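There are 2 protein chains.
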Amino acid sequence: MTRRDDTRTAVPPGPADPRRPRADRARQVADVLRRQVLHGDLRSGALPAEAELVREFGASRNTVREALALLRAEGLIERCPGVGTHAVAEKYPHGLERLLGLAETLREHGEVANEVRMTGLLTPSREVASRLRLRAGEQVVYIERIRRLNGLPLSLDLTYIPRDLGEPLLAEDLVRNDIFVLLERIAGRPLGRAEVTLEAVNADPHSAATLDAPRGAALLMLERLTHLSDGRPVDLEFIRFRGDRITMSGSMNRA
Amino acid sequence: MTRRDDTRTAVPPGPADPRRPRADRARQVADVLRRQVLHGDLRSGALPAEAELVREFGASRNTVREALALLRAEGLIERCPGVGTHAVAEKYPHGLERLLGLAETLREHGEVANEVRMTGLLTPSREVASRLRLRAGEQVVYIERIRRLNGLPLSLDLTYIPRDLGEPLLAEDLVRNDIFVLLERIAGRPLGRAEVTLEAVNADPHSAATLDAPRGAALLMLERLTHLSDGRPVDLEFIRFRGDRITMSGSMNRA
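Protein sequences appear in the order of chains U and G.
If you're matching positions, the first sequence starts at 472 in this note's numbering and goes up one per residue.
If you're matching positions, the second sequence starts at 472 in this note's numbering and goes up one per residue.
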């Protein structure tokens, strides 16, 4: 008897198996709902009633409640007593396919305005100099900005630009314009390729405070080296996006 | 006098301005060092001594110490008394350019093994059915896996596959193989395009425990719908990567 139970335990349980923890079933429901909240017809609309979700997912009422609690904890939905549950996500799509500045990519979602926290010349470390292909001792323009969409902080951007392009940049309106657009105008040629690295990191206390986010909030961290169309590297950026405000979407090919 | 000060305050401070908070200067140093820890010649090696970093970054000793503290808090470096500071990151690169399974993409870094937490048939919700282009009531195979590299948990994957491909898949070795590779063999044709959405989220307590990560740890969340080369959608996945174990890299073009 005990033997048979042992053997059974080695077989992974099926979706409806009562041995399966409710938290696993709740995650499964939450992931599908999350997609609908972010992309689907639920966006800024009402979620179906609990009873309907129970039917839709073939899940217990407690599982559905736990799934909704997960999405509430992320700030994606809200429950109003007597009214029901609705999506509240202020989460905006940033394309992964084409290299676009934030104002360009979010044009249809509202107005991007940048708070320029500091600008200035500095002698970069060897690592930064080598990525921008500068000679030792050559200075760069450094720019630090908080970027807001409709007044909400989206990201904190640290930017290094070679001096010949960076100094004319500082004379431009950095509050209303993407650096990408200004760089192309100043360089007189389009940007080409960028190498990007994405990570998820917990915000340190100071970065969290700067972005009006809770301490430890998940950030999407983007490091990006952008080249002009002639291959010259001209823009090295370290960008912390608030994880609760940005999604990145694109497509990938197998071949 | 007061007027002049007010006017001055409106000008962003330069990099060496003493009014600039040390936390801002520390972040600036940490971001460049972080890149070197992850990609550069420091990987699994020693960091330069504090005095050398002070020279290299033109920063104060306190700023350099605060920068190192930020990287330590993320688990990227460690200080050993009497020995110095060295990189300890177990952070692996996942390509953003070509669609690859985890074992394929991390081949040079070690062995990927999957713990199959559950498998089974289920009737999907309308959202899942519609994305996989299934008729109402058609069942799918559901697979839940923890994926480990050299024994370390990297991700928790929730996968939905149409029944005609999913059932033969369950007869295969899911512990040692990527689903991508198995699907191509079963379908008799290569995979084609995938639509992906990336987010940074804080781990809920149960997902954190499942991935051996601290509660609230930053996760890179990937939702991916993969098609066969003939355009048929065959694999819908919801993947939680540990933020401290994975980076995603690729390139983007402006044109």
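Using N, Cα and C, we set each Cβ at its ideal position, and we do this for glycine too.
Just so we're clear, the structure is a prediction, and the values are computed from it rather than from any experiment.
Just to confirm my understanding: we take residue i, look at its own chain, exclude 5 residues before and 5 after, and list those with CB closer than 7 Å. What are they?
i: LEU623(G); result: GLU561, ARG716
i: ARG618(G); result: LEU573, VAL583, ASN585, LEU625, SER626, ASP628
i: ARG532(U); result: GLU521, VAL525
i: LEU693(U); result: VAL667, LEU669, ILE710, PHE712
i: ARG578(U); result: none
i: LEU636(U); result: LEU654, ILE657, ALA658, VAL705
i: PRO661(U); result: GLU655, SER700
i: TYR631(U); result: PRO595, VAL599, LEU603, VAL611, TYR613, LEU707
i: GLU643(U); result: LEU653
Work out the CA separation of residue j and residue i for me, nearest whole Å.
i: LEU629(G); j: LEU524(G); result: 44 Å
i: GLU527(U); j: VAL503(U); result: 11 Å
i: VAL554(G); j: GLU521(G); result: 12 Å
i: GLY566(U); j: ILE548(U); result: 24 Å
i: HIS510(U); j: GLY591(U); result: 40 Å
i: THR556(G); j: ALA517(G); result: 6 Å
i: ASP649(G); j: ALA658(U); result: 46 Å
i: LEU603(U); j: LEU641(U); result: 18 Å
i: ARG569(U); j: ARG725(G); result: 6 Å
i: CYS551(U); j: ASN673(U); result: 30 Å
i: ARG597(U); j: ALA607(U); result: 7 Å
i: PRO685(G); j: PRO676(U); result: 17 Å
i: ALA530(U); j: ARG616(G); result: 20 Å
i: LEU571(G); j: ALA671(G); result: 21 Å
i: ALA501(G); j: LEU690(U); result: 16 Å
i: GLU575(G); j: GLU708(U); result: 30 Å
i: PRO519(G); j: GLY581(G); result: 28 Å
For the alpha helix (DSSP H) holding residue i, just list the boundary residues, first then last.
i: VAL508(G); result: 493–510
i: ALA680(U); result: 676–681
i: ASP635(U); result: 634–641
i: VAL652(U); result: 650–658
i: VAL599(U); result: 597–602
i: ARG532(G); result: 532–544
Starting from residue i, follow the beta strand (DSSP E) in both directions and report where the run begins and ends.
i: ASN585(U); result: 583–593
i: HIS580(G); result: Counting along the chain, HIS580(G) falls outside any beta strand (DSSP E), and DSSP gives it neither H nor E.
i: LEU524(U); result: Premise fails: LEU524(U) lies in the alpha helix (DSSP H), 521–528, not in any beta strand (DSSP E).
i: ALA439(U); result: What is shown of chain U runs 472 to 726, which leaves residue 439(U) out entirely.
i: ALA560(U); result: Premise fails: ALA560(U) is in no beta strand (DSSP E) and is neither H nor E.
i: PRO711(U); result: Position check: residue 711(U) holds Arg in this sequence, whereas Pro was assumed. Taken as a continuous stretch (DSSP letters only), the beta strand (DSSP E) holding ARG711(U) covers 704–713.
Identify, in the order they occur along the chain, each residue of the same chain with its Cβ nearer than 6 Å to the Cβ of residue i, setting aside the five sequence neighbours on each side.
i: HIS698(U); result: GLY663, ARG664, PRO704
i: MET719(U); result: HIS565, LEU567
i: LEU593(G); result: TYR613
i: PRO639(G); result: ILE657
Using a Cβ-based criterion (distance less than 6 Å to any ligand heavy atom), does residue i qualify as near the ligand GTP?
i: ARG725(U); result: Looking for the ligand GTP in the displayed structure turns up nothing, as the structure carries no ligands at all.
How close, in whole Å, do the beta carbons of residue i and residue j come, if the pair is a contact with beta carbons under 8 Å?
i: PRO633(G); j: VAL652(G); result: That belief does not hold up - the Cβ atoms of PRO633(G) and VAL652(G) are roughly 17 Å apart, past 8 Å.
i: LEU542(G); j: ALA497(G); result: About 10 Å separates the two Cβ atoms, so there is no contact after all.
i: TYR563(U); j: LEU645(U); result: With 8 Å as the limit, TYR563(U) and LEU645(U) do not qualify as a contact, their Cβ atoms being about 21 Å apart.
i: MET589(G); j: ARG491(U); result: 6 Å
i: VAL559(G); j: GLY546(G); result: 7 Å
Can you list, in chain order, the residues of its chain with a C-beta nearer than 8 Å to that of residue i? Leave out the 5 residues immediately preceding and following it.
i: ALA494(G); result: GLU537
i: ALA688(U); result: ASN673, ALA674, ALA679, LEU682, ARG713, GLY714, ASP715
i: GLY721(G); result: GLY566, LEU567, GLU568
> Going along the segment 610–624 of chain U in order, which residues come within less than 8 Å of chain G, judged by CB to CB distance?
Replying inline: TYR613, GLU615
>> Residues of the segment 632–665 of chain U in Cβ contact with chain G at a cutoff of 7 Å, in chain order, please.
In response: PRO661, LEU662, GLY663, ARG664, ALA665
> Just by C-beta distance, which residues in the segment 531–546 of chain G are closer than 8 Å to chain U?
Replying inline: LEU541, ALA544, GLU545
> Of the residues that make up the segment 569–582 of chain U, which ones have a beta carbon closer than 9 Å to any beta carbon in chain G?
Replying inline: ARG569, LEU570, LEU571
> Which residues, in chain order, does the segment 584–603 of chain U contribute to contact with chain G at a C-beta distance below 7 Å?
Replying inline: VAL587, ARG588, MET589, THR590, GLY591, LEU593, THR594, SER596, ARG597, GLU598, VAL599
> Just by C-beta distance, which residues in the segment 666–678 of chain G are closer than 8 Å to chain U?
Replying inline: GLU666, VAL667, THR668, LEU669, GLU670, ALA671, VAL672, ASN673, ASP675, HIS677, SER678
>> Output needed in chain order: residues of the segment 705–724 of chain G with a Cβ under 7 Å from some Cβ in chain C.
In response: Of the chains in the structure shown, none is chain C; the protein chains are U and G.
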